[in-house]
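Report on one structure; see the data block that follows.
2 protein chains.
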Amino acid sequence: MKLTILRNELNDAIQHVSKAVATRTTIPILSGIKLDASPAGVTLTASDTDISIQSFIPLETSNKTIATVIRSGSVVLTAKFFVEIVKKLPHEEVHIEVGDRFQTLITSGATEIQLVGLDPEEFPVLPTIQEDQVVSIPGDLLRDMIRQTVFAVTTNESTPILTGVLWNLQEGIYKFVATDRHRLASRSAPVELYDVRFSNIVISGKTLNELAKIVPDQNVMVDIVVAENQVLFKLGNVLFYSRMLDGTYPDTSKIIPQSFKTELVLNTKALSDSIDRAYLLSREEKTNIVRLMTTDNGGIEISSSSSELGKVTEQLTVTEMRGEPLKIAFNSKYMLDVLKVIDSDELFIGFNGAMSPIIIRPNDHENSLHLILPYRTTN
Amino acid sequence: MKLTILRNELNDAIQHVSKAVATRTTIPILSGIKLDASPAGVTLTASDTDISIQSFIPLETSNKTIATVIRSGSVVLTAKFFVEIVKKLPHEEVHIEVGDRFQTLITSGATEIQLVGLDPEEFPVLPTIQEDQVVSIPGDLLRDMIRQTVFAVTTNESTPILTGVLWNLQEGIYKFVATDRHRLASRSAPVELYDVRFSNIVISGKTLNELAKIVPDQNVMVDIVVAENQVLFKLGNVLFYSRMLDGTYPDTSKIIPQSFKTELVLNTKALSDSIDRAYLLSREEKTNIVRLMTTDNGGIEISSSSSELGKVTEQLTVTEMRGEPLKIAFNSKYMLDVLKVIDSDELFIGFNGAMSPIIIRPNDHENSLHLILPYRTTN
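From first to last, the protein sequence lines stand for chains A and B. For the first sequence, the residue numbers in this note's numbering are 1 to 379. For the second sequence, the residue numbers in this note's numbering are 1 to 379.
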């Protein structure tokens, strides 16, 4: 392998694939990045076997030569140092040449780097995926759907299926659900392909966080290919492969109440600021418990207390209130997580007494739905 | 105590003094901030007994009322929650009222906070300092002098005196020195007061880092008052008190060579970039060892190697080279620390062979001097 490539384009590709490099592994090859040079272009691949990312660098784009491949070939370079050094190379042109026993010489300006390369034959082969089930959705929407659900997955590895986000696609509605048994977040969006449908696909929350980082800011379409136990995301020149989580996701549809004894409509930011202040005090108690109470004048009161420090009490006006008076306690951190991702100025909150789930959704649309279990307290 | 005060001005004062709040203490009063309201204004104080910071809020500045004191008095409030909540209060006006047993009521907009207050009589009394020895220096210069020396203090508590920066003021030259026995950083500057002189004053590096954070960005003068075992920094409405470290600082003047066998003059940024790349590889070996070698063509070569990863070699041209050929190894992290703070485009480096200290200073002035001991290696 022998090639010349522009530093910035090489660095961009490295940054993309580096998210799949195994950081804690006893298998040295997995801590590397594979480079393949062919007459078509240069391909970088990294894989920790759960996720694999491949980035393709074409030889040229409109009027600009990015890479010149003098001799095709492959090598695997240990990622840790390679990722750091490329962005600091002194010249915009980088020459890479692989010699005997994968010894790799990288030169740029007056800098010369000799790296011990590894045999590319040992590198894991990417899964072959049949492209029967393909959904295209805007990158922005995918990022939003991830952001609005992934925070609710559990970090507790004793229920591995709940560390993932459930995907369903039925009758043109694409839906994400996440729950850690104390709360639930769901987000749905219409997609234009009616002949694709799937259910019980669960993708690790960690993987989705990594994916969200490499979805480009520009509004591009992401193709999502669903195969037997793998999902492939196609983002322009970047391919992102992820395993699905094994197991059956619990049925959460039955725990969502359809009617409420108390209903509130109120300003999202006002509630968020108010709960944030009460949270600050509740945090000192480690419990994060905040109370919400309807008041006689048709508003609500938010409060929290700490035996050592004192008490915070907040009066809040609401846009609408319907139904019974209410007094309820909940984990304010869970509520703040929801209020952070709800993309609507006004929100609806439904209650069925102090012991039943709290439902929060935007007041003007039904694409998001959040559930929080109350904290069961007697006073 | 009963007063009304503007949130932002209260918050600024809290941010200043909070740096002196004791974070790990078994004495509850030290984890608090003391508020004193008098007809002259409002004073906030925090102290961990090593450092104490006091910030004074006047009742008004040019045409603007900042605070109205309705009833004088004092209280101590636990810092942790107080620091967080004040910046998040909903209204720009904050009312504070202290009741029985120091119960404190803070109201702002529709937010009401009841805090358990502590008895201000238990709060440490600030040292009384005689203002005989006062030096005035520009805040920018003080911050530079700290930044250019403090990184070289030791973090090893077995030699407590070396965790501080040595100050000397002799014949109108104010000098800072720091060393951890492997390297030394010194910075001097002329000051205008010739009748003040002191020596062997050592201030903790941690304290100086905290001080640097509250020296304002605008070019204001800082008054430094040196007393028996305390130093007081006056920064406008903020007073910063620090204990001196006990003990005698070692005499470092004899280890600075006055002549060199090899001398280099070269571009600071070019050397810094080059060593940074070699450092990246040396870091993987945990040793940080980088080699510098003069070359036959009158330049230098910077290199490092890792048994597992490979080798980096850099060719560098220099502005001037005088004296004997040289081959030396050193800790690249120490060299990068120096190159980060040297405020000159070109620097001078003097050597006396592979086993003797390396001296680095700006090429165009002698206000800074850095020393690094070489790594003694045989190859």
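No residue lacks a Cβ here, since even glycine has one placed at the ideal position from N, Cα and C.
Short Cβ contact (8 Å threshold) for residue i with residue j
| i | j | result |
| --- | --- | --- |
| V265/B | F348/B | yes |
| S303/A | T313/A | yes |
| S108/A | G164/A | no |
| L245/B | V202/B | yes |
| L208/A | H370/A | no |
| Y174/B | I113/B | no |
| I85/B | R283/A | no |
| V153/A | A189/A | no |
| L166/A | Y249/A | yes |
| L211/B | A270/B | no |
| N123/B | I29/B | Reading off the sequence, residue 123/B comes out as Phe, not Asn. It is a contact, given that the beta carbons lie within the stated cut-off. |
| L6/B | E92/B | yes |
| I275/B | L336/B | yes |
| V42/B | A79/B | no |
| S375/B | F330/B | Looking at the sequence provided, one finds Tyr at residue 375/B rather than Ser. It is a contact, given that the beta carbons lie within the stated cut-off. |
| L339/A | S272/A | yes |
| S62/B | D36/B | no |
| K19/A | K206/A | no |
| A13/B | S55/B | yes |
| F81/A | L232/B | no |
Own chain, CB closer than 7 Å to residue i, minus 5 neighbours either side, in chain order
| i | result |
| --- | --- |
| N379/B | At N379/B, the pLDDT of 49 sits below 50, so the modelled position is not reliable and the matter cannot be decided from this model. |
| G353/B | K261 |
C-alpha distance - residue i paired with residue j, whole-angstrom precision
| i | j | result |
| --- | --- | --- |
| S72/B | R143/A | 55 Å |
| L281/A | V150/A | 26 Å |
| L3/A | L326/B | 36 Å |
| P58/B | R243/B | 27 Å |
| S52/B | K254/A | 59 Å |
| N156/A | L239/A | 29 Å |
| G234/B | D50/A | The displayed chain sequence assigns Lys, not Gly, to residue 234/B. Cα-Cα distance, rounded: 58 Å. |
| S38/A | S356/B | 52 Å |
| S186/A | E366/A | 10 Å |
| E171/B | V83/B | 44 Å |
| P120/B | I96/B | 16 Å |
| T23/A | G236/B | 50 Å |
| V225/A | Q15/A | 23 Å |
| E192/A | I33/A | 36 Å |
| G117/A | T25/A | 18 Å |
| G299/A | V17/B | 38 Å |
| Q148/B | N267/B | 19 Å |
| V98/A | V76/A | 10 Å |
| D217/A | I358/A | 34 Å |
| T45/B | D100/B | 22 Å |
| E60/B | L89/B | 21 Å |
| S160/B | M145/B | For clarity, residue 160/B is Pro in the given sequence; the question names Ser instead. So the two alpha carbons sit approximately 21 Å from each other. |
| G247/B | L162/B | 10 Å |
| T287/B | T111/A | 21 Å |
| I328/B | D180/B | 21 Å |
| V94/B | V215/B | 27 Å |
| N11/A | G139/A | 22 Å |
Neighbourhood of residue i by C-beta distance below 6 Å, restricted to the same chain and skipping five residues each side
| i | result |
| --- | --- |
| E285/A | S306 |
| E263/B | R322, G323, G350 |
| E320/A | V265 |
| V134/A | D223, V225 |
Spatial neighbours of residue i in its chain, beta-carbon cut-off 8 Å, leaving aside the 5 residues before and after
| i | result |
| --- | --- |
| I70/B | K2, L3, T4 |
| H182/A | N331, Y334, I372, L373 |
| N168/B | Y174, K175, V177, F198, S199, N200, I201 |
| Q230/A | P127, I129, Y241, S242, R243, M244 |
| I289/B | S282, S304, A329, F330, N331, S332, Y375, T377 |
### Task
Pair every Cβ in the stretch 212-227 of chain A with every Cβ in the stretch 289-305 of chain A, then say whether three or more of these pairs are closer than 8 Å.
no
#### Entry: beta strand (DSSP E) runs contained entirely in the stretch 131-196 of chain A, provided each spans 3 or more residues
133-138, 164-170, 173-179, 183-190
### Task
Specify whether the stretch 61-71 of chain B and the stretch 119-129 of chain B touch according to this definition: at least 3 beta carbon pairs, one from each stretch, less than 8 Å apart.
no
#### Entry: Touching by the beta-carbon criterion (3+ pairs, under 8 Å), the stretch 92-107 of chain B and the stretch 189-199 of chain B
no
### Query
Using 8 Å as the Cβ pair cut-off and three pairs as the minimum, do the stretch 358-378 of chain B and the stretch 331-349 of chain B touch?
yes
### Query
Of all the beta strand (DSSP E) runs that stay within the bounds of the stretch 245-300 of chain B, which reach a length of 3 or more residues?
262-267, 289-294
### Query
Taking the runs of the alpha helix (DSSP H) that are 4 residues or longer, which of them lie wholly in the stretch 311-369 of chain A?
332-341
### Query
Where in the stretch 46-119 of chain A do unbroken runs of the beta strand (DSSP E), each at least 3 residues long, occur, reported from the N-terminal end onward?
51-58, 67-71, 73-78, 93-98, 104-108, 111-115
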